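Here the structure is laid out as C-alpha cells; the discussion comes afterwards.
In the UniProt record's numbering, the protein residues as written are 1 to 336.
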C-alpha cells in the first residue's frame with residue numbers, strides 16, 4: 001500500500017529537497033516583513049536551522065505529553081501526529097504560527113484518523129493548564145483542524161513502521177531458529193529507536209518498512225553488538241529468498257543480491273541518520289526558543305499594521321496585507 005500511497009508520492013523527499021523547502025518558507029516569511037522592520041528588529045529573524053530546532057523543542061515536549069496522556073496513546077497515533085506536524089511546517093513557519101497548538105491539533109486529528117476515540121473535552125484535560133483554559137484550548141484546536149487538513153492537502157493516511165516491525169519480528173522468529181537469545185529482548189531498544197526517530201526527518205525520507213528494519217537492527221546491536229549486521233543480513237537473505245548456494249553462483253540471481261545489498265545499505269543509512277540528527281533538547285534551549293518566538297510574535301501585529309500603512313501609501317493596489325492566504329495560523333503561542 002505504501003508503494004502507491006500519497007505518503008510516498010507527495011510527502012517523501014531527499015535531504016536536499018527538505019533543506020530547500022525550509023529555506024524557501026524562511027525567505028518568504030523574511031520578505032513578508034523586512035521592508036517594514038527597523039534595523040534593530042531584523043535580529044529577530046531566525047535561520048531555517050534555528051526554526052528546525054524550535055520544531056524539535058515542540059516534538060520533544062509533545063512526546064512527553066503523549067507518554068503522560070491518559071488513556072494511553074497508541075504508538076501509531078504518535079507517529080501519525082508527528083508526521084502531520086513535520087509536513088505542516090514545510091508550509092508554515094514557527095514564527096508565524098501557534099506552533100504548540102498546531103501540535104495539539106495534529107494529535108487530535110491523528111487520534112481521529114487512527115480511530116483512537118476521545119472527546120475534545122477529555123483531550124484538553126491532558127494539556128498543561130498554564131497555557132489557556134480548557135474551553136479556550138478546545139476551541140483553538142477545533143478551529144485549527146480544518147486549516148491543518150487543508151495544508152496537508154487532505155492526505156491523512158500515514159503509513160507507520162510499527163506494523164512492519166511486528167511482521168519482520170515474527171518472520172525472524174520463524175526463520176531464524178538457531179539464534180541463542182530471545183528476539184523479544186530487542187523490543188525495548190527498538191522502541192527507543194522509534195522514539196528518537198520521531199525527532200528527526202526519517203519520517204519524511206524513508207519508507208516505513210525500512211525504518212522498521214533499522215529499528216530491529218538497532219535492537220540487535222544493543223543485544224549482540226558484534227553480530228547484529230550478520231544476523232540482519234542472514235534474515236534478509238532468507239526473506240528475499242536467496243538460497244544458500246546462491247553465494248557460490250552469484251550470477252544466478254544478481255537482482256536478489258543487489259536488492260539485499262541495497263536494503264542493508266539503506267538500513268545502516270537510516271541508523272546513521274537518527275544517530276547523527278537526534279539531539280536531545282535541553283531546558284535552556286527550550287527557554288531560548290520560547291523567548292525568541294514570544295519576541296517576534298509580539299512584534300507581528302505592529303509589523304502588520306506597518307504593512308497596511310505601506311500598502312495604503314502605495315495606492316492600495318491588490319489585496320490588503322494580512323487578508324486571505326496571509327492570515328497567520330492562530331498565532332498566540334508558547335512553547336511549554
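Ideal Cβ placement from N, Cα and C applies to all residues, glycine included. All values reported here derive from a predicted model rather than from experimental measurement.
Q. Helix, strand or coil: which one does DSSP assign to residue 265?
A. helix
Q: Starting from residue 14, follow its DSSP beta bridges and name the residues at the other end.
A: DSSP, once it has assigned bridges, lists no residue as partnering residue 14.
(Q) Quick check: what's the CA-CA separation for residue 304 versus residue 33? (A) 8 Å
(Q) Rounded to whole angstroms, what is the Cα-Cα separation between residue 84 and residue 187? (A) 26 Å
Q: Have a look at 269, 14 and 58 and flag the residue whose alpha-carbon is nearest the alpha-carbon of residue 218.
A: Of the residues 269, 14 and 58, the one whose Cα lies closest to the Cα of residue 218 is 269.
Q: Count the other CB atoms, across all protein chains shown, that sit within 10 Å of the CB of residue 181; report buried if there are 16 or more and exposed otherwise.
A: exposed
Q: Spatial neighbours of residue 249 within its chain, please: CB distance less than 6 Å, with the 5 preceding and 5 following residues excluded, ordered by chain position.
A: Caution is warranted here: a pLDDT of 47 is assigned to residue 249, below 50, making its placement in the model unreliable, and the coordinate value is therefore given only provisionally. If we look at residue 249 and ignore the five residues flanking it on each side, it has no Cβ neighbours.
Q: Output the distance between the C-alpha atoms of residue 60 and residue 254, rounded to the nearest integer angstrom.
A: 44 Å
Q) Based on Cα-Cα distance, which residue from 237, 62, 11 and 99 lies nearest to residue 176? A) When each option's Cα is compared against that of residue 176, the closest is 237.
Q: Express the C-alpha separation of residue 97 and residue 285 in angstroms, rounding to a whole number.
A: 19 Å
Q. In this structure, does DSSP put residue 97 in helix, strand or coil?
A. strand
Q. In whole angstroms, what separates the C-alpha of residue 184 from that of residue 190?
A. 10 Å
(Q) Which complete beta strand (DSSP E) runs does the UniProt domain "Cyclin C-terminal" (161–271) hold, if anything under 3 residues is left out? (A) The DSSP assignment places no complete beta strand (DSSP E) segment of no fewer than 3 residues inside the UniProt domain "Cyclin C-terminal" (161–271).
(Q) Restricting to Cα atoms, I'd like to know which of 22, 16, 46 and 27 is closest to residue 297. (A) 46
Q) Who are the Cβ neighbours of residue 145 in its own chain at under 8 Å, not counting the five residues just before and after it? A) Contacts found: 105, 108 and 109.
Q) How many angstroms separate the CA atom of residue 40 from the CA atom of residue 199? A) 33 Å
**Q.** For residue 242 and residue 260, believed in contact at Cβ under 8 Å, the rounded distance
**A.** With 8 Å as the limit, residue 260 and residue 242 qualify as a contact, their Cβ atoms being about 7 Å apart.
Q: Sort 54, 161 and 227 by Cα distance to residue 209 and report the nearest one.
A: 161
Q: Taking residue 23 as the reference, give the member of 224, 294 and 90 with the closest Cα.
A: 90
Q.
Under 8 Å: do the stretch 274–285 and the stretch 66–80 share three or more Cβ pairs, one atom per stretch?
A. No: fewer than three Cβ pairs fall under 8 Å.
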